[in-house]
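For reference, each letter of the sequence shown is one residue, going 0 to 471 in numbering that gives the first Met the number 0. Quick notes on the structure that follows.
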Amino acid sequence: MSLESDEEYETMSSDNEERHDSDISEEKLFVDEALAKDKLPSYDGDFAPYFQNLTTATLFCWIYKHNISTNAYEDLVDIIMRPEFNRDHIQNLSQFHQKKTPSTLKDSKMAYQLSISDIIWNVLNNPSLLKEMYFGAGVDSKTKSEYWHGTLWAESPLFSQEQLMISGEIYQCGDFVYYYDNERKLGRLRAILLNEENQQYRLRIQKVLDYSDLPGTFKGELRQNRFLSGEVWLQDEPFLTITTSQISEKVAADTLRITEILYKHHTYWRIRDATFSYQHPLEYISIRQPPSPTIPVYKLFLDIYYNDFGTFRNVYHSLEGVYVQFGNMPARQRKLLKNHFVLGFVPFGGNFNEFMLPFISEMKEFEQGKLIEVNGQDAWVIAGLGVITADLPQGNDMCGVLRHNANKGCHTCTASQESLTNFFQDVPATSRYHHITDDQFKEIFNKPATTRQRRLCTEFGLRTRLSIWIGC
């Protein structure tokens, strides 16, 4: 038994040695020294010593320059080796692109979008959400932590209270009034607020100055004559907050003429043209009153969030998601994931503007007011788009402004790239104002030639294609 086992062991060991020797012979040898002359290719000609002729040399360069795969090279060889192949029939790439071959792309894609009407109905008819939401006038608060503490909520009739009865007379936001502040003064009613501490009404007033109130550097015979003919001057922020008892009377707006605004820039007084100011929301927004004075009214502040995200780790194309939040909810509720409502996803290759058309159509109806059943009774619901949140490139696109790397690529001002870091930048004089931007778009599109349009776009920092949000 021992003899046989020894013979078997010797046989197995000899087989392993032979197999090991063959494995070594098959391994690739890495040589870090020059090849011997007898191992160099013995080619003669212009492409010696590595290539036989021009064909092999150019094919080698083409393969490694353009990273041609083996399959692609074999397909090319198969085409060339066909007997029907004719070199005279070879065309350039642009001629191939002009071939009218049937496209495999579909002219449209299915996209599922949730209706904003359905989202609003479900939120208002959810008692646990409705009791957490705020509906009312803007709040005068020392700590600004909610949307209803801000200027947009307070001044817009879509979100806040737009009129108030004082001493038997109705005062509306945007009216010019006389008020008492040690003496009788003229001002403009910007917003109707509720004091956070005592829940009493407060009025935010923008000061209106006469000639005697102007700083001495701006006084002169010309402005004095304009004042005598009925002109007054608006003073920019900070605004004044007064009580309702300080109101004296209302002033007819057509009796006043305002062409300039007084403002402070780095502790110095300056004057700018009145066109360089943000319009009060009541100047361009009109809403319908509810069908009955006793019907409950709900005004909704909508916050749209738009973002691109990758669906898979190795997929190049991204999916566009659109979400909506309700600014009527406090910040602690808006942070919860359950209170982020999906409006829809723009499919791969889809157009964002086309995707948002149904949403904008519904929002235009809600801006005028819509009758909806809330908890078993009819209610008048008004909804407006208060905030749009997006990344920088998408945000500029939605504003109709050039990208941020352009010379005037800021969607809030017209400052050039070199002026963006200027600490003494005059922001009110260089800001973008909606009515001025609209006029610039009209000027661009009135130009018949494309080159003139592009020149104006560069000058204004605007795009040649309007966003779907502009003019809504």
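Idealized CB from N, CA, C, for every residue including glycine. Owing to the predicted nature of the structure, the values given are computational and were not obtained by experimental measurement.
Rounded Cβ spacing between residue i and residue j (contact assumed at less than 8 Å)
i    : j    : result
Q205 : Q234 : 7 Å
F473 : V341 : This structure leaves residue 473 out entirely; the chain is present only between 0 and 471.
T463 : R431 : The pair is not a contact, with the Cβ atoms about 17 Å apart (cut-off 8 Å).
F444 : L461 : The pair is not a contact, with the Cβ atoms about 10 Å apart (cut-off 8 Å).
A382 : L465 : With a Cβ gap of about 24 Å, A382 and L465 do not count as contacting.
G343 : Q198 : Actually they are not in contact, since the Cβ atoms of G343 and Q198 sit about 40 Å apart, beyond 8 Å.
L213 : T243 : Not really, about 29 Å apart at Cβ, beyond 8 Å.
I284 : S155 : 7 Å
Residue i to residue j span [Cα, whole Å]
i    : j    : result
M362 : I294 : 21 Å
R333 : A405 : 35 Å
L157 : D174 : 17 Å
D74  : D307 : 38 Å
K27  : E83  : In this predicted model, K27 has a pLDDT of only 48, less than 50, meaning its place in the structure is not dependable; the value taken from the coordinates is given anyway. Rounded to the nearest angstrom, the two C-alpha atoms are 42 Å apart.
D22  : L58  : Here D22 scores only 48 on pLDDT, less than 50, and its place in the model is too uncertain to base an answer on.
S144 : A330 : 7 Å
G229 : A153 : 30 Å
F347 : V386 : 26 Å
T413 : N70  : 54 Å
Q162 : D438 : 31 Å
I241 : V207 : 15 Å
Y210 : A389 : 45 Å
F134 : R453 : 45 Å
R451 : K407 : 17 Å
M132 : R222 : 50 Å
For residue i, the nearest candidate out of the options (CA to CA)
i    : options                   : result
Q278 : L461, G368 and C172       : C172
A251 : R431, E83, G186 and L301  : G186
R189 : H65, G137, V231 and I469  : G137
Q376 : H65, A71, N124 and D74    : N124
E458 : H65, P447, C409 and F423  : C409
I257 : T274, H264, T243 and H265 : T274
A359 : I303, L281, L370 and I89  : Reading off the sequence, residue 359 comes out as Ile, not Ala. Closest by alpha carbon: I303.
E319 : N338, V296, N350 and H264 : N350
I119 : P289, T55, Q324 and Y267  : Q324
Y305 : A448, Q424, W61 and L391  : L391
N181 : S247, N374 and G135       : S247
W147 : G326, I89 and P289        : G326
L401 : V426, F423 and C456       : C456
S140 : S166, I169, R86 and Y200  : Y200
Y267 : G215, M164, A56 and L239  : G215
I260 : T449, K446, L151 and P427 : P427
L384 : E372, Q288 and Q367       : Q367
DSSP three-state assignment for residue i, whether helix, strand or coil
i    : result
W120 : helix
D437 : helix
I67  : coil
D272 : strand
L455 : helix
N224 : helix
H403 : coil
T142 : coil
D253 : helix
S24  : Confidence at S24 is low in this model, with a pLDDT of 45, below 50, so its placement is unreliable and no value can be given for it.
Y277 : coil
R86  : helix
L213 : coil
N194 : strand
L128 : helix
G385 : strand
S430 : strand
K446 : coil
W61  : helix
G232 : According to the sequence provided, residue 232 is Trp. The question's Gly does not apply to it. The answer is strand: DSSP assigns W232 an E or B state.
S466 : coil
D45  : coil
I286 : coil
Where in the stretch 295–352 do unbroken runs of the beta strand (DSSP E), each at least 3 residues long, occur, reported from the N-terminal end onward? 296–309, 317–325 and 340–345
Which runs of the beta strand (DSSP E) spanning at least 3 residues fall entirely within the stretch 159–192, listed in chain order? 162–165, 168–171 and 175–180
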